[in-house]
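Undergrad:
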Amino acid sequence: MDLRAVALALAVAATPVGFLQSQQAPSGAFAEAGGSQGPLLTAWAALGLRASGADTGKALDYLQAHEEALPGTIDAELVALAESALGARPAKLLARIRSAQHASGRIGPNVNSTIWGILALRQARQSAPRTAVRFVLRQQARSGGWAWYLRGQPDSNDTAAAIEALRSAGVTGAPIRRGLAYLLRLRNRDGGFELTPGRGSDAQSTAWAVQAFVAAGRAVPKGSIAYLQRLRRPDGSFRYSQRYATTPVWVTAQVLPALHRRPFPLR
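Numbering (the numbering used here), first residue to last: 2 to 268.
Written as structure tokens, this is what we have:
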């Protein structure tokens with residue numbers, strides 16, 4: 002046995018990219034340890050790897066083979082985003098997204114499905130419907146944040162995604178500034194961001210906030226990247242928070258775009 006080769010393999014596997022790649026099945030799908038494979042986690046993993054400039058294996062093949070089984074609009078939007086980021090043109094999924102738009106501008110059932118519809122269309126280099134953009138702007142709360150559902154409580158993740166979607170559609174000015182100000186109110190002394198007030202910092206909320214600031218052309222808040230790095234585990238994956246280590250494939254996939262300063266849509 003070549004010990005140097007073993008050491009090199011272990012070193013590669015201990016990176017976030019190496020960890021994610023080690024969780025990919027021969028089919029191209031991703032799954033948490035002991036969990037089932039599925040297109041949504043595969044889409045997240047593919048986006049994280051793509052943002053890192055890493056090989057995504059057969060992820061695209063797997064996603065394309067499972068398009069017909071996607072149950073909801075937001076599922077179709079996430080997979081369309083991933084397929085487009087991997088260089089494909091998911092024509093059926095994009096048509097499904099456009100057909101889900103209501104007269105109000107809302108795409109699908111909720112605010113977040115409209116946000117993700119815009120992101121999916123822009124990732125495919127298609128124009129975002131102006132009525133959809135106006136719908137998202139109308140859903141901004143007085144606090145400056147966005148919720149995932151109509152008249153809901155804002156949170157950092159959906160606020161960050163809304164900022165990314167609006168910036169991808171060319172929106173600037175007060176809505177973006179107010180959204181970033183809302184995010185800063187969810188920043189804690191440890192450098193991390195929390196989902197909603199009082200929940201405590203977590204990796205995914207921090208990663209979303211970083212992406213929002215990059216999308217807006219603003220400096221990444223001080224300490225946020227350091228907070229993420231402190232959550233890195235010896236196997237290359239990331240903890241959800243200082244207290245909890247759960248769903249490492251999903252968490253790591255969402256942290257990677259932030260570490261590489263790559264907001265959605267990926268360019």
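Glycine residues also receive a C-beta, built at the ideal position from the N, C-alpha and C atoms.
Sort out for me which residues DSSP pairs Arg233 with in a bridge.
TA: Phe239, per the DSSP bridge assignment.
Undergrad: Which of the three DSSP states, helix, strand or coil, is assigned to Trp147?
TA: Here Trp147 sits in strand by DSSP.
Undergrad: By DSSP, does Gly39 sit in helix, in strand, or in coil?
TA: Note: Gly39 maps to strand in three-state DSSP.
Undergrad: Report yes if the C-beta distance between Leu21 and Leu50 is below 8 Å; otherwise report no.
TA: Yes, Cβ-Cβ distance for Leu21 and Leu50 is below 8 Å.
Undergrad: Between Leu94, Ala148, Val221 and Ser157, which lies nearest to Gln124 when the distance is taken from Cα to Cα?
TA: The option with the nearest alpha carbon to Gln124 is Leu94.
Undergrad: Who are the near neighbours of Leu79 in its chain, counting only those whose CB is closer than 7 Å to its CB and skipping five residues on each side?
TA: Hits under 7 Å: Leu41, Ala44 and Trp117.
Undergrad: Tell me which residue opens and which closes the alpha helix (DSSP H) that Leu181 is part of.
TA: First-last of the alpha helix (DSSP H) with Leu181: Ala175 to Arg186.
Undergrad: Sort out for me which residues DSSP pairs Asp159 with in a bridge.
TA: Partner(s): none; Asp159 has no beta bridge.
Undergrad: Less than 6 Å between C-beta atoms, sequence neighbours within five positions excluded: which residues of the same chain meet that for Ala101?
TA: The residues are Thr74, Ile108 and Gly109.
Undergrad: How long is the line joining the alpha carbons of Ala220 and Gln212, rounded to whole angstroms?
TA: If you take the alpha carbons of Ala220 and Gln212, they lie about 10 Å apart.
Undergrad: Considering Ala15, what are the terminal residues of the alpha helix (DSSP H) in which it resides?
TA: Note, Ala15: premise wrong, no alpha helix (DSSP H); not H, not E.
Undergrad: For Ala210, count neighbouring C-beta atoms within 10 Å of its own C-beta (all shown protein chains included) and say buried if the count is 16 or more, exposed if not.
TA: Buried, since its Cβ has 16 or more Cβ neighbours within 10 Å.
Undergrad: Helix or strand or just coil, what does DSSP make of Ser128?
TA: Correct three-state label for Ser128: coil.
Undergrad: Using the C-alpha atoms, what's the distance from Gln140 back to Thr115?
TA: Rounded to the nearest angstrom, the two C-alpha atoms are 11 Å apart.
Undergrad: Buried or exposed for Trp251, going by 16 or more other Cβ atoms inside 10 Å?
TA: That one is buried.
Undergrad: Out of Asp62, Pro198 and Val215, point me to the one whose CA is closest to Ala166's CA.
TA: Measuring from the Cα of Ala166, the nearest candidate turns out to be Val215.
Undergrad: Check the DSSP bridge columns for Phe194 and list the partner residues they point to.
TA: According to DSSP, Phe194 bridges with Arg188 and Asp203.
Undergrad: Which residues does DSSP pair with Gln25 in a beta bridge?
TA: Partner(s): Phe31.
Undergrad: Is Ala162 near Ala129, with beta carbons less than 8 Å apart?
TA: Contact flag unset, no.
Undergrad: Let me know the secondary structure DSSP gives Gln65 once reduced to three states.
TA: Gln65: helix per DSSP, three-state reduction.
Undergrad: Just reading off the alpha helix (DSSP H) that Pro258 is part of, what are its end residues?
TA: Per DSSP, Pro258 belongs to the alpha helix (DSSP H) from Pro249 to Leu260.
Undergrad: Does the distance from the C-beta atom of Gly193 to that of Ser157 stay below 8 Å?
TA: Not in contact: Gly193 and Ser157 (Cβ atoms no closer than 8 Å).
Undergrad: Report buried or exposed for Gln154, applying the criterion of at least 16 other Cβ atoms within 10 angstroms of its Cβ.
TA: That one is exposed.
Undergrad: The alpha helix (DSSP H) spanning Ser53 covers which residue range?
TA: Unbroken run through Ser53: none, as it is neither H nor E.
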